[in-house]
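Participant: Got a structure for you, written out below as structure tokens; questions coming shortly.
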Amino acid sequence: MDLIQFERVSKRYVIGQRMNAREAVAQATSRLLRRGASPSSELWSIKDVSFSVRDGEALGIVGRNGAGKSTILKILAGITAPTSGSSRTRGRVAALLEVGTGFHPELTGRENIYLNGAILGMSRRDITLRFAQIVDFSGVDRFLDTPVKRYSSGMYLRLAFAVAAHLEPDVLVVDEILAVGDAEFQRKCIGRMHEAEAEGRTLVFVSHDLDSLTKICQRSLWLEGGEIRDSGPTPTIVRDYLNSGLAPAERGHGLAITSGPITVAAVRVRPDSTVAGGADAALMFGDQLRVEIEFDVSAETPGLDLAVMVTTGSGVRVLDELLSEQSITRFTPGSYRVEVLIPPLLNAGDYSIGLWFGTPHEEFLAEPAAAMFSVHGGDPTRPDRIVAAKLPFAVHRLASINVVD
Amino acid sequence: MRAADDVPEWRVNSADPASREGVVASLWRARDLIGYFALRDLRVRYKQAALGVVWVLLQPIASVALFTLVFRRVANISSQGIAYPLFALVGMTVWLYFSTAVVRGSEVLVESPDLITKVSFPRIAAPAAAMLAPLADFAVSFVLVIVLFAYYSVTPSWRLLATPIWLVLVVLAALGVALWLSALNVKYRDVRHAMGPLVQLWLFASPVAYPSSLLSGWKELAIAVNPMTGLIGLARWSVLGTPWPGWPLAVSLASLAAIMGSGLVYFRRAERAFADVI
Ligand SMILES: Nc1ncnc2c1ncn2[C@@H]1O[C@H](COP(=O)(O)OP(=O)(O)OP(=O)(O)O)[C@@H](O)[C@H]1O
Ligand SMILES: [Mg+2]
């Protein structure tokens, strides 16, 4: 039985729809005079998207920034109406597009649990029933009667997530909530998603964390430019998606992606030039690799930071390096090239380079497959290892072994 | 997985407005949420200001004192045989509820855009809940009315029992206006700047400091189009025993119904785009 049916859903946004009354009057006047609004300011966020999700199924959605993933979830959750087509859901749908929506800083933890629960669609009875569990899960019981404005951001997140984790809806829709919080918080989120999946809850999950996506969802959609490019078993979709890279050409020249103040012009992977063979040689097992990212910053963006990720073809994230962990760099508007050296670690195989740009408060770009590359050669007898670190072994000969019991 | 016999109904989200849940059903579904929104407003209002109750009392006291000075002493306006301070206080109490609720209602959607763009709850719950917390202020300032009753040794009549009726009508009037303003505010943020002048002008167009019987002919009709005219008249009839407001009340009620009806229609139409334009 289906719990979700999306039928030929399209959503059009009018760019710059927000205006003040003066602009509205001016626009209405010009429309009267010239007839018809200028169509150039329209954008189809999703076009003709159809899919259905069965009871107990977990569906993943992958796609680049702006592909329309959040739009699908918003229509599913009833936050916004489609321009055409229809979305039908059965049972209670809980959408987590963010945790802690509606939390009020002046209210205590206890009051916020009730308020947030009600906002997410729980009745007072539901919340009271699960109150003890929520408090337990959040671990903030000692601060229950403290206004949340005095919480650390970690406590705040944990409490917010605890409420969300106890919704017990028929359909759970989750968008990228893992983008916030520390590693422990993210583990907790993923753990909870696994549980929900194991309980047989129907899930729709959007994430740039393809590894988790693969573990949780059997089936995935790949969205590109608002349309479904492919759908099928998650491992296949993730592999194809990663392999698609930023640019169709080898090692990603070309296609620029713009998001917020950032335009990424090129992402390249080369053998480090100290290696014989020149910069355009194939990447061989044992080479030191150099990742080059060229981008423009169009506006003053305090706190701008970037991360470079390396993901295997099956979606396992091997590296995730954040610039600010090394040094604090101030990016004034202009063009930049960032280079990252990867020591000779990676086993032979296919990898993709992921990019993340953002500030502590805002994410501009999260692109798990900005470019892809293959490492050739290696030891064909041991293809399963991701990292071949050639760790030093120390062998000591001992006179005898003491068995301790 | 579920048994085949407890299959819930489909809920449809499409461009067709007919597929949407009705107003009453949405309000009913959101009843707990409305309560928590109202509770939030109350907590925030009385928690932040240690002198919360004092502030609530100060405003009617100050305005009534000023009105007494200006309208009574200087302009010598009649107050339908009631002690002027008591007369003005009843009007002011009703007016303060109305204006506080309308102002709060107008900002409730835009103050936290995340509520609109990240979660789906019946949107009408937000302005509806905004009407509730100001009722607490109303109750507090009604204590002043009782104090003045004692001071002027007035004994209220059985008509005081009609209080719930006119109070509900005042709440509906505020909600009708708040539906318009809250939805307009999402699209045109100018509404915020317009609120101050709007409330000021509306106050003077309402018989708070003067009785509406002061006017006659077309002027009386014109001022009765303001729903607060009939409702303040009704409140004074109920609390102070002034004459029954008569036909202007009918005009005010018709106008209230028009504002409420059009407000609902506009809000329901506009809410579909709230998440897109906010
Ligand atoms: N309220 C809006 N007004 C105008 N355009 C919008 C609005 N919301 C989304 N869009 C546009 O619709 C497109 C799809 O947006 P959407 O948020 O669904 O992308 P996404 O796949 O979730 O991206 P991301 O990975 O960055 O979260 C984008 O081009 C975006 O700019
Ligand atoms: Mg998104």
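Note that the protein sequences, when read in sequence, are chains G and S.
Take numbering that gives the first Met the number 0: the last position of the first sequence gets the number 404, and nothing is skipped along the way.
Take numbering that gives the first Met the number 0: the last position of the second sequence gets the number 277, and nothing is skipped along the way.
A virtual CB, placed ideally from N, CA and C, is assigned to each residue, including glycine.
Bear in mind the structure is a predicted one, so any value in this text is a computation, not a measurement.
What do you reckon, are the CB atoms on residue 58 (chain G) and residue 188 (chain G) nearer than 9 Å?
Facilitator: Going by C-beta atoms, residue 58 (chain G) is not nearer than 9 Å to residue 188 (chain G).
Participant: Classify residue 264 (chain G) as helix, strand or coil using the three-state DSSP reduction.
Facilitator: Correct three-state label for residue 264 (chain G): strand.
Participant: My output table needs one value for residue 209 (chain S): the three-state DSSP class, helix, strand or coil.
Facilitator: Residue 209 (chain S) falls in the coil class under three-state DSSP.
Participant: Rounded to whole angstroms, what's the CA-CA distance from residue 66 (chain G) to residue 341 (chain G)? Just pull it up for me.
Facilitator: Computed Cα separation, rounded: 30 Å.
Participant: What is the residue span of the alpha helix (DSSP H) that residue 325 (chain G) lies within?
Facilitator: It spans 322-325 - the alpha helix (DSSP H) in which residue 325 (chain G) sits, taken as one unbroken run.
Participant: Please go through the same chain and pick out, in chain order, the residues whose beta-carbon is closer than 6 Å to the beta-carbon of residue 285 (chain G), but skip the five residues on each side of it.
Facilitator: If we look at residue 285 (chain G) and ignore the five residues flanking it on each side, its Cβ neighbours are 343.
Participant: Can you name the residues of chain S whose CB is closer than 8 Å to the CB of residue 84 (chain G)?
Facilitator: In chain order: 13, 14.
Participant: Kindly give me the distance between the Cβ atoms of residue 385 (chain G) and residue 370 (chain G), rounded to whole angstroms, as I take these residues to be in contact under 8 Å.
Facilitator: That pair is no contact at about 18 Å.
Participant: Under 8 Å by Cβ, that's how I've got residue 239 (chain S) and residue 86 (chain S) pegged, so tell me the actual separation to the nearest angstrom.
Facilitator: 7 Å between Cβ atoms; contact.
Participant: Are the beta-carbon atoms belonging to residue 69 (chain G) and residue 6 (chain G) less than 9 Å from one another?
Facilitator: No, the pair does not count as a contact, with Cβ atoms beyond the cut-off.
Participant: Kindly list, in the order they appear in chain S, the residues whose Cβ is closer than 8 Å to that of residue 359 (chain G).
Facilitator: Under the 8 Å cutoff, chain S gives no residues; its nearest Cβ is about 18 Å from residue 359 (chain G).
Participant: In chain G, which residues lie with their C-beta within 7 Å of the C-beta of residue 266 (chain S)?
Facilitator: What residue 266 (chain S) touches in chain G: nothing, since even the nearest Cβ is about 15 Å away.
Participant: Would you tell me roughly how many angstroms separate the C-alpha atoms of residue 236 (chain S) and residue 242 (chain S), rounded to the nearest one?
Facilitator: Cα-Cα distance, rounded: 6 Å.
Participant: Would the C-beta of residue 322 (chain G) count as close to ligand 1, meaning under 8 Å from any of its heavy atoms?
Facilitator: It does not: the Cβ of residue 322 (chain G) is nowhere closer than 8 Å to a heavy atom of ligand 1.
Participant: What ranges does the beta strand (DSSP E) occupy inside the stretch 115-177 of chain G, keeping only unbroken runs of at least 3 residues that lie completely in it?
Facilitator: Runs of the beta strand (DSSP E) inside the stretch 115-177 of chain G: 170-174.
Participant: Exposed or buried, which one is residue 208 (chain G) when buried takes at least 16 other CB atoms within 10 Å?
Facilitator: Buried, because 16 or more other Cβ atoms sit within 10 Å of the Cβ of residue 208 (chain G).
Participant: Which of the three DSSP states, helix, strand or coil, is assigned to residue 389 (chain G)?
Facilitator: Three-state result, residue 389 (chain G): coil.
Participant: Check residue 192 (chain S) in the structure and name its three-state DSSP category.
Facilitator: DSSP places residue 192 (chain S) in helix when its eight states are reduced to three.
Participant: Within the 9 Å Cβ cut-off, does residue 25 (chain S) reach chain G?
Facilitator: Not closer than 9 Å to any Cβ of chain G, the Cβ of residue 25 (chain S) fails to qualify, so no.
Participant: What are the boundary residues of the beta strand (DSSP E) that residue 304 (chain G) is part of?
Facilitator: 304-311 is the span of the beta strand (DSSP E), which, as asked, contains residue 304 (chain G).
Participant: In the DSSP assignment, what residue or residues form a beta bridge with residue 79 (chain S)?
Facilitator: Answer is none; residue 79 (chain S) lacks a bridge partner.
Participant: Going by alpha carbons, who is nearest to residue 197 (chain S) out of S:177, S:214, S:213?
Facilitator: If we check each option's Cα against that of residue 197 (chain S), S:177 comes out closest.
Participant: Rank S:90, S:45, S:216, S:41 by C-alpha distance to the C-alpha of residue 129 (chain S) and give the top, closest one.
Facilitator: Minimum Cα distance to residue 129 (chain S) is reached at S:41.
Participant: For residue 205 (chain G), is the beta carbon positioned less than 8 Å from some heavy atom of ligand 2?
Facilitator: Flag set: Cβ of residue 205 (chain G) near ligand 2.
Participant: Quick check on the burial criterion: 16 or more other C-beta atoms within 10 angstroms. Buried or exposed for residue 135 (chain G)?
Facilitator: Flag for residue 135 (chain G) reads exposed.
Participant: Do you know how far the Cα of residue 147 (chain S) is from the Cα of residue 156 (chain S)?
Facilitator: Computed Cα separation, rounded: 15 Å.
Participant: For residue 86 (chain G), verify whether its CB is less than 8 Å away from any heavy atom of ligand 1.
Facilitator: No.
Participant: Nearest-angstrom Cα distance between residue 133 (chain S) and residue 202 (chain S)?
Facilitator: Their backbone Cα atoms lie some 17 Å apart in a straight line.
Participant: What does residue 271 (chain S) touch in chain G if you count any residue whose Cβ is under 9 Å from its own?
Facilitator: What residue 271 (chain S) touches in chain G: 79, 80.
Participant: Taking DSSP as the reference, what is the three-state secondary structure of residue 243 (chain S)?
Facilitator: DSSP places residue 243 (chain S) in coil when its eight states are reduced to three.
Participant: For residue 274 (chain S), decide whether its Cβ has a neighbour in chain G, counting only Cβ atoms nearer than 9 Å.
Facilitator: True, the Cβ-Cβ gap to chain G drops below 9 Å.
Participant: Are three or more beta carbon pairs between the stretch 114-121 of chain S and the stretch 137-147 of chain S nearer than 8 Å?
Facilitator: No, they do not touch.
Participant: Within 10 angstroms of the Cβ of residue 251 (chain G), are there 16 or more other Cβ atoms? Answer buried if so, exposed if not.
Facilitator: Caution is warranted here: a pLDDT of 41 is assigned to residue 251 (chain G), below 50, making its placement in the model unreliable, and the coordinate value is therefore given only provisionally. Buried.
Participant: Below 7 Å on C-beta distance, what does residue 119 (chain G) contact in chain S?
Facilitator: Residues of chain S passing the Cβ test: 118.
Participant: Using the beta carbon as the reference atom, which residues fall closer than 5 Å to any heavy atom of ligand 1, ordered along the chain?
Facilitator: Those residues are G:12, G:44, G:64, G:65, G:66, G:67, G:68, G:69, G:70, S:275, given in chain order.
Participant: Which residues of the stretch 94-118 of chain S have a Cβ closer than 9 Å to any Cβ of chain G? Give them in chain order.
Facilitator: For the stretch 94-118 of chain S, which is checked against every Cβ of chain G, the residues closer than 9 Å are 111, 113, 114, 115, 116, 117, 118.
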